[in-house]
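Below is one structure, written out as structure tokens; the observations come after it.
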Amino acid sequence: MKKAKFLSLLMTVALIVAVLSACAPLGTGGSTGTQTPTPGQSTQQPGTPDDKKPEPITFTMFVAGPGEAPPANNKIIKKIQEITGVTIEFEFLVGDMEQKVGIMIASGDYPDLIGAGQARGRFLNAGSFAALDDYLPNYPNLWKHYEPYLDRLRSISPDKKIYILDIWGREYWLNDGEDQYYEGDYNGPAFWIQKDVLAWDGYSNPTKLDDFFDLLERYYKAHPTIDGQPTLPFEVHSQDWRSFCLKNAPQHLIGGRNEGDVVVKPDTLEVEIYQNKWYAKDYYKKLNEAYKKGLIHPETFTRNYDEYLKVISQGRVLAMFDQHWNFQDGESVLVGEGKYERTYVPIGVSFDGTPMPYNRYKSEGIIGGNGMGISKTCKDIERALQFMDTLLEEDVHRLMYWGIEGEDYYVDANGRLRRTPEQKANFDNPDWRLANSGIVLGDQFPKLEGRYSDGNSCSAGTQPEERLENQNEYDKKFYQQYGFYGRSDFLPIMKDPGYPEVWSIFSTMEDDNIAKPIFDQITDLQNRYLPGVIMSDDFEAAWAEYVARYENIDYRALEEEVERQIRERMTIY
């Protein structure tokens, strides 16, 4: 997996890109064209003349996930309010999602906007959203953004109307052959391990499951405490809908994509539940062995989400199976404290040591259902859509994700957006970022990914020069030991199999679908029994009891229904 001379090659590539950008006419980014129209071609500094300032309006927004609203005096939020006249009052999820969403649906008391998250199916089935089909053509940036994917947006609802606008997956690329260097850091499922563990082991890369846990055991014996607190070698978060940390690893260990509770055979599209199969048994047997060795603390199964993030933020969790977006708030604390050696990289672990891609693949764009919607009680649907349309203007988007020129970034002689080390340190600090950037706002709405029309990246984290030159010294040394560009390189790239990730089918399944109660039964069985299987004194007996309970569930009907829906959606993928 070593990439000989990779870093020097990238520096050359970055220089070439910069030169081409400098020589190209404005708006071409050094390219002869674009694969898709790029919305918001304006490159002027955002602003609105005093006599044309829009009337102020406030929209309420519920986000079905954790987070913190930016303060009202955030300089970027204030500028976007000046441009759009819109103030967003955020309410992020606190406590139990099912209870909160259930009360909201039962009362019919909705906010104007809903970041649906994992509650998308509940909101859809309750008729909580306004249909947007007739509105979208009136908003040029939104229309360009979604027009190629209208069928996918409609595919998730029973009446085939558009209710949820995906906020991720719409990428804009230029035809200069260098897009691979703008790939974002991998953010999906994997066995994540602290960098210091690998560095301590001579910068190893243990892709065999046995070797992975052997390394954790050796490091733990040498480091029983970290910063004065007991080391936690392997965490298994198993609470509420985030129990995918407990359940989903077996599908990836055999090379599967992130489907949820099933494995799909790409050649035939056959579907099978995997949690009662041999490869699930082998995985949980390994966890059982790790538990008996003290590598898994029993409290891991009772920690709530906030407690899980807390132990990660303390730097004493060596590894876990998780998705990066799920634990990154804990890791951000470590970054802000400069504890880069305690941050994580993904390992493509398998049973035999063959590196597996987990979920690293070149996306085919929007999948449908992964975003936000406008509630049916929204005070002004058209104004809300105009706000989102404005956020897709390049100058406004740049304001959200890069900041203010001269304060948060600068433009070099070749027209490339850059940050000084001090500016980068600001954005690495989660407290500063919350108070001074627009990222929290941007992350809840439709956004540009890939590259702007001038060739610069849509975010500093994927700007090649920034990733090479402004990387902290620890990470520079760490990745150089592997010949890697960043953490994504630990995983090979899989070919997109050409059908939607099955979790999106589960999450938007209608309440009266034959598979819905079966899926709920399976989820309950896994969440209730798998922790006990892992902690059992007699693994074989505990596993046999668990598998026997599966046979009381008509899971084959679920397999057939999911396969039917995959084949149905194949017509639009």
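Residue numbers for the sequence shown, in the numbering used here: 5 to 577. Where a beta carbon is used, it is the ideal one built from N, C-alpha and C, also for glycine. Predicted model, so just to flag it, every value in this text is computed and none were measured.
Notebook entry, point to check: What are the start and end residues of the alpha helix (DSSP H) that includes residue 315?
Noted result: 309-317 is the extent of the alpha helix (DSSP H) around residue 315.
Checklist line | Given 8 Å, three or more beta-carbon pairs between the stretch 449-458 and the stretch 316-326 | finding: Pairwise C-beta distances place the stretch 449-458 out of contact with the stretch 316-326, as fewer than three of them are shorter than 8 Å.
Margin query: So for residue 513, helix, strand or coil by DSSP?
Written below: DSSP places residue 513 in coil when its eight states are reduced to three.
Next item on the list: Below 8 Å CB to CB, which residues in the same chain sit around residue 131 once its five sequence neighbours on both sides are set aside?
Entry: The answer, listed in chain order, is 380.
Note to self: For residue 326 and residue 156, I'd like the C-alpha separation in whole angstroms.
What the structure shows: Spanning the two alpha carbons is a distance of roughly 27 Å.
Note to self: For residue 137, which residues in the same chain have their Cβ closer than 7 Å to its Cβ, ignoring the five residues on either side in sequence?
What the structure shows: Counting only Cβ-Cβ distances below 7 Å, and skipping sequence neighbours, we find 165, 166.
Checklist line | Residue ranges of each alpha helix (DSSP H) within the stretch 466-529, 4 or longer | finding: Entirely contained in the stretch 466-529, the alpha helix (DSSP H) runs reaching 4 residues are, in chain order, 468-473, 477-486, 507-511.
Check: Cα separation between residue 468 and residue 453?
Finding: Distance between the alpha carbons of residue 468 and residue 453 is about 14 Å.
Notebook entry, point to check: Quick one: what's residue 378 bridged to in DSSP?
Noted result: Note: residue 378 is bridge-paired with 117 in the DSSP secondary-structure output.
Margin query: Let me confirm a value: residue 570 is counted as buried when at least 16 other C-beta atoms fall within 10 Å, else exposed. Which label applies?
Written below: Burial call: buried.
Next item on the list: Measure the Cβ-Cβ separation of residue 298 and residue 169 and say whether it is below 9 Å.
Entry: Cβ distance not < 9 Å, so residue 298 and residue 169 don't count as in contact.
Note to self: Quick check on this structure: which residue in 537, 551, 88, 558 has the alpha carbon closest to the alpha carbon of residue 522?
What the structure shows: That would be 558, whose Cα lies nearest to the Cα of residue 522.
Next item on the list: Quick one: using the 10 Å Cβ neighbour count with 16 as the cut-off for buried, is residue 579 buried or exposed?
Entry: What the structure shows of the chain is the stretch from 5 to 577, and residue 579 is not part of that stretch, so it cannot be assessed.
Next item on the list: List the endpoints of the continuous alpha helix (DSSP H) containing residue 359.
Entry: Premise fails: residue 359 is in no alpha helix (DSSP H) and is neither H nor E.
Note to self: Applying the 10 Å Cβ sphere with the 16-neighbour rule, what's the burial state of residue 574?
What the structure shows: By the neighbour-count rule (16 or more Cβ atoms within 10 Å), residue 574 is not buried but exposed.
Notebook entry, point to check: Going by DSSP, what residues sit across from residue 454 in a beta bridge?
Noted result: According to DSSP, residue 454 bridges with 176.
Notebook entry, point to check: Is it true that the stretch 87-95 meets the stretch 336-354, where meeting means three or more beta-carbon pairs spaced less than 8 Å apart?
Noted result: At 8 Å Cβ cutoff, the stretches do not touch.
Next item on the list: Indicate the three-state DSSP secondary structure (helix, strand or coil) for residue 368 in the structure shown.
Entry: Correct three-state label for residue 368: coil.
Check: Do residue 174 and residue 369 have their C-beta atoms closer together than 9 Å?
Finding: It is a contact, given that the beta carbons lie within the stated cut-off.
Margin query: Measuring alpha carbon to alpha carbon, tell me which residue in 210, 73, 139 is nearest residue 387.
Written below: It is 139.
Margin query: To the nearest angstrom, how far is the alpha carbon of residue 79 from that of residue 404?
Written below: Cα-Cα distance, rounded: 10 Å.
Item checked: 3-residue-minimum beta strand (DSSP E) runs that sit fully inside the stretch 386-436, ordered along the chain -> Unbroken beta strand (DSSP E) stretches of 3 residues or longer found wholly inside the stretch 386-436: none.
Notebook entry, point to check: Would a C-beta distance cut-off of 9 Å place residue 104 and residue 134 closer than the cut-off?
Noted result: Going by C-beta atoms, residue 104 is not nearer than 9 Å to residue 134.
Checklist line | Run of the beta strand (DSSP E) containing residue 198, from where it starts to where it stops | finding: Residues 193-198.
Check: For residue 98, which three-state DSSP category applies?
Finding: Here residue 98 sits in coil by DSSP.
Note to self: Using C-beta distances below 7 Å, list every residue in its chain close to residue 149, excluding the 5 sequence neighbours before and after it, in chain order.
What the structure shows: Only 43, 174, 396, 450 meet the Cβ criterion.
Notebook entry, point to check: Is it a yes or a no for the stretch 226-238 touching the stretch 505-517, going by three-plus beta-carbon pairs under 8 Å?
Noted result: No: fewer than three Cβ pairs fall under 8 Å.
Checklist line | C-alpha gap between residue 349 and residue 99, whole angstroms | finding: When rounded, the distance between both Cα atoms is 29 Å.
Checklist line | Residue span of the alpha helix (DSSP H) that contains residue 88, given as start and end | finding: If you look at residue 88, you'll find it in the alpha helix (DSSP H) that goes 79-88.
Next item on the list: Please work out which residues of its chain come closer than 7 Å, Cβ to Cβ, to residue 505, disregarding the five sequence neighbours upstream and downstream, and give them in chain order.
Entry: In chain order, 261, 262, 263, 371 place their CB closer than 7 Å to the CB of residue 505, counting only its own chain and leaving out the 5 sequence neighbours on each side.
Note to self: To the nearest angstrom, how far is the alpha carbon of residue 391 from that of residue 472?
What the structure shows: Per the coordinates, the alpha-carbon of residue 391 lies some 35 Å from the alpha-carbon of residue 472.
Next item on the list: Throw me the rounded Cβ distance for the residue 244 and residue 101 pair, which I believe falls under 8 Å.
Entry: Contact between residue 244 and residue 101 is confirmed by a C-beta separation of about 7 Å, below the 8 Å threshold.
Check: Buried or exposed: where does residue 402 fall if 16 or more other Cβ atoms within 10 Å of its Cβ makes it buried?
Finding: Burial call: buried.
Notebook entry, point to check: Out of curiosity, what's the CA-to-CA distance linking residue 75 and residue 82?
Noted result: Distance between the alpha carbons of residue 75 and residue 82: 10 Å.
Next item on the list: In angstroms with no decimal places, state the Cα-to-Cα distance between residue 196 and residue 440.
Entry: The straight-line gap from Cα to Cα measures roughly 30 Å.
Margin query: So, for residue 416: in the same chain, excluding its five sequence neighbours on each side, which residues have a beta-carbon less than 6 Å away from its beta-carbon?
Written below: Excluding sequence neighbours, residue 416 sits near 422.
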